[in-house]
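This report concerns only the one structure given below.
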Amino acid sequence: MATAESLRTALVGDNSVRAFDVERVRADFPVLRQSVHGKPLVYLDSGASAQKPTAVLEAMDEVYRSCYANVHRGAYYFSQHLTDRYEGVRAKVARFLNAASDQEIVFTRNVTEAINLVAHSFGDKLAAGDEVIISEMEHHANIVPWQLLRDRRGITLKVVPVAEDGSFRLDAYESMLGPKTRLVALTHVSNVLGTVTPMKEIIRLAHKAGVPVLVDGAQAVVHGKVDVRDLDADFYAFTGHKLYGPTAIGVLYGKAELLKAMPPFLGGGDMIRTVSFAETTYADPPHRFEAGTPPIVEAIGLGAAIDYVNAIGQDAIAAHEAGLLAHATERLSQVKGLTIIGTAKEKAAIISFVLDGIHPHDIGTIVDREGVAIRVGHHCAQPLMERFGVPATARASMGLYNTPGEIDVLAKALEKVKDIFG
Ligand code: 7TS
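Counting in this note's numbering, the sequence shown runs from 2 upward without gaps.
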């Protein structure tokens, strides 16, 4: 179980924890006032996608109502104004990740697209026999792009196993790093197990072998402070919709010298310097990687989400969630026949579980009748399901707006599931 302290150590950051009032936070999320099947909504699926605070909704609405235009092309006021705001969010994201420069921040559609970008623009220079290291706990978004690269280039994929408690096998990883390793691509927090991987050490070992590291930070930026320079990550990707921002906006951080050496991913408007039928030259990063009209309003929404999270304080959020995780672990462990999958010492507020003899889909359907939204299935991590010998799990993933009382509602709903299937 993670304490606030261990989460801080794992995810980096040492600001003092500020006062945190969950009821005030909840008031910022209009959707949480809804009822489902006549019961108050208990939303425990933030790992799939988080709900949005009013500040994000209003920021996006305000753009459409007051100053909408395309960016990077207008000589007129609205376009210039919105270009400044769009580029301002890039600077905000750079500060959020502690990147050295705004030029290291590429906007994408989501983390999936960010990883695919690296798999193409960095990966396509790899050759048969070159090795990419991933792990057993990756989301499909950090598996399939490398398999597609394997099909294109004949690379070899090496897969780091996961220990029985769900922790990352650093020993196995270290033994896989070798003269043929060209890239390490690993998750910072598992979306199924909640495991926080020892990313600083992972990166240190990779760099010792001269290998760059791509971090899938989709579940990590949500639960605590991430500092790409402290980690010394070469690429770091995350997605806006899990960070209380809108869908269709993601971020790829890449070290300037790496991005500079990479060819474009998608071609089109906005990513060029000059175009002729004979030859086209490309813009510098990050614009080289942002072909076509970007997700302008979504970027503004992401900026508002980052402001929101910063105003509450990432350390305060981490501490609140560590409390929730401790409560949920204890409360769910009291449900007879329930097994938690993923009990690593360093964990974010995500709990996957199975109930003896009851299919997770039945669990999901019945707790939904009690107003409780959890995800059931393979969580886009089928190899991990195979590793633990289960077809699926139920998963409660918590966010800054959840309360211990909501965990109790889930636990009671699970007792009901057992009564029905008893
Ligand atoms: N990587 C991790 C670790 C994730 O948890 C997810 C989404 C992704 C990548 C893909 O994010 P996207 O925004 O590009 O789609 N995870 C989940 C989940 O756990 N349930 O639904 C989506």
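Just so it is clear, CB atoms sit at the ideal spot from N, CA and C, and this is done for glycine as well.
_Using the three-state DSSP reduction, which class does Arg396 fall into: helix, strand or coil?_
strand
### Task
Please find out if some non-hydrogen atom of the ligand 7TS comes closer than 8 Å to the beta-carbon of Val37.
no
Under 8 Å from any heavy atom of the ligand 7TS, does the C-beta of Arg376 make it?
yes
Say yes only if the C-beta of Lys243 is nearer than 8 Å to one or more non-hydrogen atoms of the ligand 7TS, and no if none qualify. yes
#### Entry: Supposed contact pair Ala350 and Ser398 - C-beta distance, whole angstroms, cut 8 Å
7 Å
For this session: Assess, as a yes-or-no matter, whether the region 177-192 is touched by the region 137-147 under the definition of 3 or more beta carbon pairs within less than 8 Å.
Result: yes
Own chain partners of Gln220 with C-beta closer than 6 Å, once the 5 adjacent residues on each side are dropped: Val190 and Asn192
task: Please classify Gly167: is it buried, with 16 or more other beta-carbons within 10 angstroms of its beta-carbon, or exposed?
output: buried
- Query: Can you tell me where the beta strand (DSSP E) with Val119 in it begins and where it stops?
  - Reply: Going by DSSP, Val119 is part of no beta strand (DSSP E) but of the alpha helix (DSSP H) stretching over Val112 to Ser122.
For this session: State the Cα-Cα distance for the pair Pro146 and Ala207, rounded to the nearest angstrom.
Result: 21 Å
Item to complete: Could you pull out every residue in the same chain whose Cβ sits closer than 8 Å to the Cβ of Val418, ignoring the five residues on either side in sequence?
Response: Leu356, Ile359, Asp363, Ile364, Ile367 and Val368
Taking Gly225 as the reference, which of Pro287, Met263, Phe290 and Lys348 has the closest Cα? Lys348
*Under 8 Å from any heavy atom of the ligand NAD, does the C-beta of Thr113 make it?*
You won't find the ligand NAD in this model; what it holds is the ligand 7TS.
Among Phe30, Tyr77, Pro41 and Gly155, nearest to Ile129 - alpha-carbon criterion
The identity of residue 129 in the sequence shown is Ala, whereas the question assumes Ile. For the residues Phe30, Tyr77, Pro41 and Gly155, the minimum Cα distance to Ala129 belongs to Gly155.
Quick check: the Cα distance between Val107 and Leu127, rounded to an integer number of angstroms?
22 Å
Notebook entry, point to check: Relative to the ligand 7TS, is the shortest distance from any of its heavy atoms to the C-beta of Ser122 smaller than 8 Å?
Noted result: no
With which residues is Leu184 paired in a DSSP beta bridge? Val133
Query raised in the report: Taking the C-alpha atoms as reference points, what is the distance between Met200 and Val212?
Result: 14 Å
Mind checking who Phe290 pairs with in its DSSP beta bridge? Looking at the DSSP assignment, Phe290 forms no beta bridge with any residue, so it has no partner.
| said: What would DSSP say about Phe108, mapped onto helix, strand or coil? | reply: Shown here, Phe108 sits in a strand according to DSSP, grouped into three states.
Using only CA atoms, which one of Asn403, Asp271, Ile301 and Asp233 lies nearest to Ala101? Asp233
ask   = With respect to 8 Å, is the separation between the Cβ of Ser1 and the closest non-hydrogen atom of the ligand 7TS below this value?
value = Any property of residue 1 remains undetermined from this structure, which presents the chain solely from 2 to 423.
With respect to the alpha helix (DSSP H) encompassing Thr84, which residues constitute its N-terminal and C-terminal limits?
-> Here the alpha helix (DSSP H) through Thr84 covers Tyr78 to Leu98.
Practice item. Give me the Cβ distance between Ile144 and Pro392, rounded to the nearest whole Å; I'm assuming they're in contact under 8 Å. Key: With 8 Å as the limit, Ile144 and Pro392 do not qualify as a contact, their Cβ atoms being about 18 Å apart.
Would the C-beta of Asn403 count as close to the ligand 7TS, meaning under 8 Å from any of its heavy atoms?
No, the beta carbon of Asn403 sits no closer than 8 Å to any heavy atom of the ligand 7TS.
**Prompt:** Do you know whose CA, among Arg205, Val336 and Val163, lies nearest Leu178's CA?
**Reply:** Comparing Cα positions, the closest option is Arg205.
Rounded separation between Ser176 and Thr182 - CA only | 11 Å
**Message:** I'd like the ranges of any beta strand (DSSP E) spanning at least 3 consecutive residues and lying wholly in the region 233-261.
**Reply:** 236-240 and 251-255
- [ ] Just the C-alpha distance for Gly268 and Leu45, rounded to the nearest angstrom, thanks.
- [x] 39 Å
**Neighbourhood of Lys413 by C-beta distance below 8 Å, restricted to the same chain and skipping five residues each side** = The beta carbon of Lys413 sits closer than 8 Å to the beta carbons of Glu371 from its chain, once the five residues preceding and following it are set aside; these are given in chain order.
_Only counting the same chain, and skipping five residues up and downstream in sequence, which positions put a Cβ closer than 6 Å to that of Tyr87?_
Val72, Ile297 and Ala300
Could you have a look at Val197 and say whether DSSP puts it in helix, strand or coil? strand
Quick check: does the Cβ of Gly372 come within less than 8 Å of any heavy atom belonging to the ligand 7TS? no
- Item | Coarse secondary structure for Pro405, derived from DSSP in three states | helix
- prompt: In the structure shown, what three-state DSSP assignment does Asp125 receive?
  reply: Of the three classes helix, strand and coil, the one that applies to Asp125 here is helix, per DSSP.
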